[in-house]
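**Student:** Chains A and B, in that order, give the protein sequences. When we follow numbering that gives the first Met the number 0, the leftmost residue of the first sequence carries the number 0, and every step to the right adds one. When we follow numbering that gives the first Met the number 0, the leftmost residue of the second sequence carries the number 0, and every step to the right adds one.
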Amino acid sequence: MKVSLRVENLRIYYRTLRGYVKAVDGVSFEMGDEEVLGVAGESGCGKSTLGNSLILLKPPMTYMEGRVFLDGEEVPIWDNEKMRRFRYRRISIIPQYAMNALNPTKKLKVLMDDLLREHGSDFKSHTAEILRRLKMVNLPESVLNMYPIELSGGMKQRMVMVISTLMNPSLLIADEITSALDVSTQKAVIEMLLEFKSRGFVRKIFFITHDISVLYQIASSILVMYAGKLVEKASTDEILEKPFHPYTEMLISSLPKIGIKYGERKLKGIPGQPPPLLKPPEGCRFKDRCPYRHSKCDEEPPIVEISDDHVVSCWKYA
Amino acid sequence: MMVLENVTKIYRIGTFGGKRLKAVDDVSFEIDEGEIVSLIGESGSGKTTIGKMILRLIRPTSGRILFNGKDIGQFKKNELKDYYRKVQGVFQDPFSSYNPLYKVDRIFDIAREEFFPDIGRNEWKNRIEEKLRSVGLNPLEVLGKFPHQLSGGQLQRLLIARALVMNVRFLVADEIISMLDASTRIDVLNLLAELKDSGLSILFITHDLSLGYYISDKTVILYRGSIMEYGDTEKIFNSPAHPYTISLMESIPRIDERWRMRSAVIQGKEKSIRNGRMCKFYHRCFKGDESCVEPPLIEVEKDHFVRCSKIGT
Numbered sequence: 000m001k002v003s004l005r006v007e008n009l010r011i012y013y014r015t016l017r018g019y020v021k022a023v024d025g026v027s028f029e030m031g032d033e034e035v036l037g038v039a040g041e042s043g044c045g046k047s048t049l050g051n052s053l054i055l056l057k058p059p060m061t062y063m064e065g066r067v068f069l070d071g072e073e074v075p076i077w078d079n080e081k082m083r084r085f086r087y088r089r090i091s092i093i094p095q096y097a098m099n100a101l102n103p104t105k106k107l108k109v110l111m112d113d114l115l116r117e118h119g120s121d122f123k124s125h126t127a128e129i130l131r132r133l134k135m136v137n138l139p140e141s142v143l144n145m146y147p148i149e150l151s152g153g154m155k156q157r158m159v160m161v162i163s164t165l166m167n168p169s170l171l172i173a174d175e176i177t178s179a180l181d182v183s184t185q186k187a188v189i190e191m192l193l194e195f196k197s198r199g200f201v202r203k204i205f206f207i208t209h210d211i212s213v214l215y216q217i218a219s220s221i222l223v224m225y226a227g228k229l230v231e232k233a234s235t236d237e238i239l240e241k242p243f244h245p246y247t248e249m250l251i252s253s254l255p256k257i258g259i260k261y262g263e264r265k266l267k268g269i270p271g272q273p274p275p276l277l278k279p280p281e282g283c284r285f286k287d288r289c290p291y292r293h294s295k296c297d298e299e300p301p302i303v304e305i306s307d308d309h310v311v312s313c314w315k316y317a
Numbered sequence: 000m001m002v003l004e005n006v007t008k009i010y011r012i013g014t015f016g017g018k019r020l021k022a023v024d025d026v027s028f029e030i031d032e033g034e035i036v037s038l039i040g041e042s043g044s045g046k047t048t049i050g051k052m053i054l055r056l057i058r059p060t061s062g063r064i065l066f067n068g069k070d071i072g073q074f075k076k077n078e079l080k081d082y083y084r085k086v087q088g089v090f091q092d093p094f095s096s097y098n099p100l101y102k103v104d105r106i107f108d109i110a111r112e113e114f115f116p117d118i119g120r121n122e123w124k125n126r127i128e129e130k131l132r133s134v135g136l137n138p139l140e141v142l143g144k145f146p147h148q149l150s151g152g153q154l155q156r157l158l159i160a161r162a163l164v165m166n167v168r169f170l171v172a173d174e175i176i177s178m179l180d181a182s183t184r185i186d187v188l189n190l191l192a193e194l195k196d197s198g199l200s201i202l203f204i205t206h207d208l209s210l211g212y213y214i215s216d217k218t219v220i221l222y223r224g225s226i227m228e229y230g231d232t233e234k235i236f237n238s239p240a241h242p243y244t245i246s247l248m249e250s251i252p253r254i255d256e257r258w259r260m261r262s263a264v265i266q267g268k269e270k271s272i273r274n275g276r277m278c279k280f281y282h283r284c285f286k287g288d289e290s291c292v293e294p295p296l297i298e299v300e301k302d303h304f305v306r307c308s309k310i311g312t
């Protein structure tokens, strides 16, 4: 695997009056070229913070430590000014609720022109490519002269996809882009995203969702986060077939599947709640909900390499 | 127990209410005692409108809803109050169901004042604690707290507990678990199934088919206000007959089977509907042709109805 994104010991905290909320707390991982890496976890586990930190640190997000390398070059995520060179051109994002992120007072054409000018270009020099891509996602040319309010939810989603990938970024962060959609629209959006990738509009996708069954459809590997920490990362097939971390295992077995009925087989959830990240417990953060807990779990669990591309952070395997 | 007879709801839309939108179009189905019926459809299919009409938050434009044989539209003061003692709803967003300025206990207090003023405070309190335990909550951990101090799953379970304290017979559950995390949503689903075993009837409104399959006895597939397929859950999932249901089944993200991805970005150009009497799904249908005019709901096998002109062809 040719590594093209490397994140080393990244810590991103939120500064609050009561102290730091440790949203991303020492996360390291690698991503191959042309890979779709899925990021899964419950709300509040830090998955969106991780994705956002790779492109823009909005206050109160605070960079504590860690390094990020993209295609062999260091990405200065702590430096807002230096990041301008990367933002949109090399690292782009489809934010959560992107459909509502379009400025309602501007025609889409003007909106795109503003965005492109901000990055040293303009609408005119990209017109041909924009029209070509609109056609690919089945949007008529006339949308450019419309206001966002005139578009349906699905149309807006496709529009945002075209805008976000216009500069052919190396890395696209897709944050919960299908979570608010119906199943049939969800599938169509994902098909379009993969089509964009196969045409080289984006090289790799960092796909954040809470829905593991969606990741199974598109991701080549999955990174599972829990309470700000990476708990397991492996290829999609491996993580679904034999998850190592107790959290991953319980999460996957709690998913309802077609063919499983309550009367025949009762699924179980995970009792308890994630710990507060303002003052997380010592050692393993999952220990209070874990059926395998023992005294060792009060110490920081090591990252264990099960195989070449399968890591898990749990004392069970140390 | 709850019967919908040719229920239609037309909304007036547009700046001056000049346009009309048929949100629910001649829908009939029923929910028996101790039965869970899933109402499945995409956004705009009218599923929430149906839930609201059952709760009498809005009135049908035409058609009737019968509860134990009586038209709920005719209920006046006392009858209506009695109806709400038996029929309650829980909605998608647990956070907006509470007033953030008050402690969560208030939802129980109001229920007592409004519906059961004869029950003493102590007895009511005992009932609350008993029901909280039955939904898997520790009364000491949740009572006396403000909504922001609790998780979405806890808030949602409190609302279900409220319905149980009132000893309701029918629950409208509108997307109640779509905002919950995977690790807790299954517990709320299991809870609904347990309640059903104790005789509660539930209308389970969802867009997530695998959740519907897990707990429901019957399934209603709604598209643009019309029932496209209706019947026994097992039959609908194992042998879907309507092209819409089939396409829904193929789009479910599963963890045991991968999607067959289409290579082309553009999928089937939408056909325009010129004839207002055409099947509503015609423009997206892979089978549809000029003959798909006002398809009737046909019984294809026992407890399995489909609205499609192409059945058997």
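Idealized CB from N, CA, C, for every residue including glycine.
Residue range of the alpha helix (DSSP H) that I159 of chain B falls in?
**Tutor:** Taking the first residue of the second sequence as position 1, residue 159 of chain B is located at position 160. Where I159 of chain B is concerned, the enclosing alpha helix (DSSP H) stretches over 151 to 164.
**Student:** I'd like the list of long-range same chain contacts for P255 of chain A, defined as Cβ closer than 8 angstroms, with 5 residues on each side in sequence excluded.
**Tutor:** Along the first sequence, read from residue 1 onward, the residue named residue 255 of chain A stands at position 256. Residues of the same chain with a CB within less than 8 angstroms of the CB of P255 of chain A, apart from the 5 flanking positions on each side, are L266 in chain order.
**Student:** State whether the region 38 to 54 of chain B contacts the region 164 to 183 of chain B, with contact taken as three or more CB pairs (one from each stretch) at a distance under 8 angstroms.
**Tutor:** yes
**Student:** Strictly under 8 angstroms for the Cβ-Cβ distance: is H209 of chain A near chain B by that measure?
**Tutor:** Position 210 of the first sequence holds residue 209 of chain A. H209 of chain A counts as touching chain B.
**Student:** Just reading off the beta strand (DSSP E) that T205 of chain B is part of, what are its end residues?
**Tutor:** Here residue 205 of chain B corresponds to residue number 206 of the second sequence, with the count starting at 1. Segment 200 to 205, the beta strand (DSSP E) holding T205 of chain B.
**Student:** So, at 6 angstroms on beta carbons, what are the nonlocal neighbours of S330 of chain B in its own chain, with the 5 sequence-adjacent residues on each side left out?
**Tutor:** Since the first residue of chain B shown is 0 and the last is 312, residue 330 of chain B is not available in this structure.
**Student:** Looking at chain A, is there any beta carbon in it that lies within less than 8 angstroms of the beta carbon of I245 of chain B?
**Tutor:** Mapped onto the second sequence, residue 245 of chain B falls at position 246. So no, I245 of chain B is outside the interface.
**Student:** Could you compute how far the alpha carbon of E41 of chain A sits from the alpha carbon of S178 of chain A?
**Tutor:** For the purposes of this step, residue 41 of chain A is identified with residue 42 of the first sequence, where counting begins at 1. For the purposes of this step, residue 178 of chain A is identified with residue 179 of the first sequence, where counting begins at 1. Those two C-alpha atoms are separated by around 13 angstroms.
**Student:** Hey, does H241 of chain B have any beta-carbon neighbour from chain A nearer than 8 angstroms?
**Tutor:** The count along the second sequence starts at 1 and reaches residue 241 of chain B at position 242. Cβ-Cβ to chain A under 8 angstroms: no for H241 of chain B.
**Student:** In whole angstroms, what is the alpha-carbon distance linking I251 of chain A and T7 of chain B?
**Tutor:** To locate residue 251 of chain A, count along the first sequence from 1; it is residue 252. To locate residue 7 of chain B, count along the second sequence from 1; it is residue 8. Between I251 of chain A and T7 of chain B, the C-alpha separation is close to 41 angstroms.
**Student:** On a CA-only basis, which of A:D70, A:T61, A:M249, A:Y87 is nearest D78 of chain A? Give me that one, please.
**Tutor:** As a first step, residue 78 of chain A is located in the first sequence; it is residue number 79 there, counting from the start. With distances taken between Cα atoms, D78 of chain A lies closest to A:T61.
**Student:** Between which two residues does the alpha helix (DSSP H) holding M154 of chain A run?
**Tutor:** In the first sequence, counting from the first residue as 1, residue 154 of chain A sits at position 155. Here the alpha helix (DSSP H) through M154 of chain A covers 152 to 163.
**Student:** For L9 of chain A and G71 of chain A, which I take to be in contact (beta-carbon distance under 8 angstroms), what is that distance rounded to the nearest angstrom?
**Tutor:** In the first sequence, the residue the question calls residue 9 of chain A occupies position 10. In the first sequence, the residue the question calls residue 71 of chain A occupies position 72. The Cβ separation is near 18 angstroms, so there is no contact.
**Student:** What does S212 of chain A touch in chain B if you count any residue whose Cβ is under 7 angstroms from its own?
**Tutor:** The residue given as residue 212 of chain A occupies position 213 in the first sequence. Within 7 angstroms Cβ-Cβ: P252, R253, I254.
**Student:** Compute the distance between the beta-carbons of D180 of chain B and K234 of chain B, then report whether it is under 8 angstroms.
**Tutor:** Taking the second sequence and counting its residues from 1, one reaches residue 180 of chain B at position 181. Taking the second sequence and counting its residues from 1, one reaches residue 234 of chain B at position 235. Contact: no.
**Student:** Indicate whether M0 of chain B and N67 of chain B have their beta-carbon atoms separated by less than 8 angstroms.
**Tutor:** Residue 0 of chain B sits at position 1 when you count from the first residue of the second sequence. Residue 67 of chain B sits at position 68 when you count from the first residue of the second sequence. It is a contact, given that the beta carbons lie within the stated cut-off.
**Student:** Identify the continuous alpha helix (DSSP H) that holds E240 of chain A and give its terminal residues.
**Tutor:** Against the first sequence, residue 240 of chain A aligns to sequence position 241. From DSSP, the alpha helix (DSSP H) with E240 of chain A extends over 235 to 240.
**Student:** Using the Cα positions of Y243 of chain B and E41 of chain B, report the straight-line distance between them to the nearest angstrom.
**Tutor:** Locating residue 243 of chain B in the second sequence gives position 244, counting from the first residue. Locating residue 41 of chain B in the second sequence gives position 42, counting from the first residue. The alpha-carbon atoms of Y243 of chain B and E41 of chain B are separated by roughly 11 angstroms.
**Student:** Sorted by chain position, which residues of the same chain lie with C-beta nearer than 6 angstroms to C284 of chain B's C-beta, five sequence neighbours on each side aside?
**Tutor:** Taking the second sequence and counting its residues from 1, the one referred to as residue 284 of chain B is at position 285. Hits under 6 angstroms: P242.
**Student:** Which of helix, strand or coil does DSSP assign to V74 of chain A?
**Tutor:** On the first sequence, residue 74 of chain A is found 75 positions in, with the first residue counted as 1. When secondary structure is reduced to three states using DSSP, V74 of chain A falls in the coil class, being assigned neither helix nor strand.
**Student:** Run down chain A in chain order and give the residues with a C-beta less than 8 angstroms from the C-beta of D180 of chain B.
**Tutor:** Translated into positions along the second sequence, residue 180 of chain B becomes position 181. Neighbours of D180 of chain B on chain A, chain order: E41, S42, H209.
**Student:** So, with DSSP's three-state summary, where would you put M52 of chain B?
**Tutor:** Here residue 52 of chain B is taken as the residue at index 53 of the second sequence, counted from 1. Reduced to three states, the DSSP call for M52 of chain B is helix.
**Student:** With 8 angstroms set as the bound, which would you pick, yes or no: does the beta-carbon of P255 of chain A sit closer than that to a beta-carbon of chain B?
**Tutor:** Numbered from its first residue, the first sequence carries residue 255 of chain A at position 256. It does; some Cβ of chain B falls within 8 angstroms.
**Student:** Can you give the Cα-Cα distance for R132 of chain B and L142 of chain B, rounded to whole angstroms?
**Tutor:** Mapped onto the second sequence, residue 132 of chain B falls at position 133. Mapped onto the second sequence, residue 142 of chain B falls at position 143. Between R132 of chain B and L142 of chain B, the C-alpha separation is close to 12 angstroms.
**Student:** Report the neighbours of R132 of chain B on chain A: residues whose CB is nearer than 9 angstroms to its CB, in chain order.
**Tutor:** In the second sequence, the residue the question calls residue 132 of chain B occupies position 133. Neighbours of R132 of chain B on chain A: none; closest Cβ ~14 angstroms, over 9 angstroms.
**Student:** List the residues of chain B that Q185 of chain A touches, going by C-beta distances under 8 angstroms, in chain order.
**Tutor:** One-based indexing of the first sequence puts residue 185 of chain A at position 186. Under the 8 angstroms cutoff, chain B gives S250, P252.
**Student:** Let me check understanding here. Comparing Cα to Cα, which of B:R19, B:E193, B:E113, B:L100 lies closest to K76 of chain B?
**Tutor:** Locating residue 76 of chain B in the second sequence gives position 77, counting from the first residue. Among B:R19, B:E193, B:E113, B:L100, the Cα nearest to that of K76 of chain B belongs to B:E113.
**Student:** Does the separation of the CB atoms of E29 of chain A and V2 of chain A fall below 8 angstroms?
**Tutor:** Position 30 of the first sequence holds residue 29 of chain A. Position 3 of the first sequence holds residue 2 of chain A. E29 of chain A places its beta carbon less than 8 angstroms from that of V2 of chain A.
**Student:** CB E237 of chain A to CB H309 of chain A, shorter than 8 angstroms?
**Tutor:** Here residue 237 of chain A refers to the residue found at position 238 when the first sequence is read from its first residue. Here residue 309 of chain A refers to the residue found at position 310 when the first sequence is read from its first residue. Yes, Cβ-Cβ distance for E237 of chain A and H309 of chain A is below 8 angstroms.
**Student:** Using a cut-off of 8 angstroms between C-beta atoms, extract the partners of L250 of chain A located in chain B.
**Tutor:** Residue 250 of chain A sits at position 251 when you count from the first residue of the first sequence. Chain B residues near L250 of chain A: A181, S182.
**Student:** Under the rule that 16 or more other beta-carbon atoms within 10 Å means buried, what is R276 of chain B, buried or exposed?
**Tutor:** Here residue 276 of chain B refers to the residue found at position 277 of the second sequence. Exposed: under 16 other Cβ atoms inside 10 Å.
**Student:** Taking C-beta pairs closer than 9 angstroms, name the residues in chain B that K267 of chain A reaches, listed in chain order.
**Tutor:** Looking up residue 267 of chain A in the first sequence gives position 268. Within chain B, the residues near K267 of chain A are I185, D186, N189.
**Student:** How is the alpha helix (DSSP H) around G42 of chain A delimited, first residue to last?
**Tutor:** The sequence position of residue 42 of chain A within the first sequence is 43, counting from 1. The question names Gly, yet the displayed sequence has Ser at residue 42 of chain A. Unbroken run through S42 of chain A: none, as it is neither H nor E.
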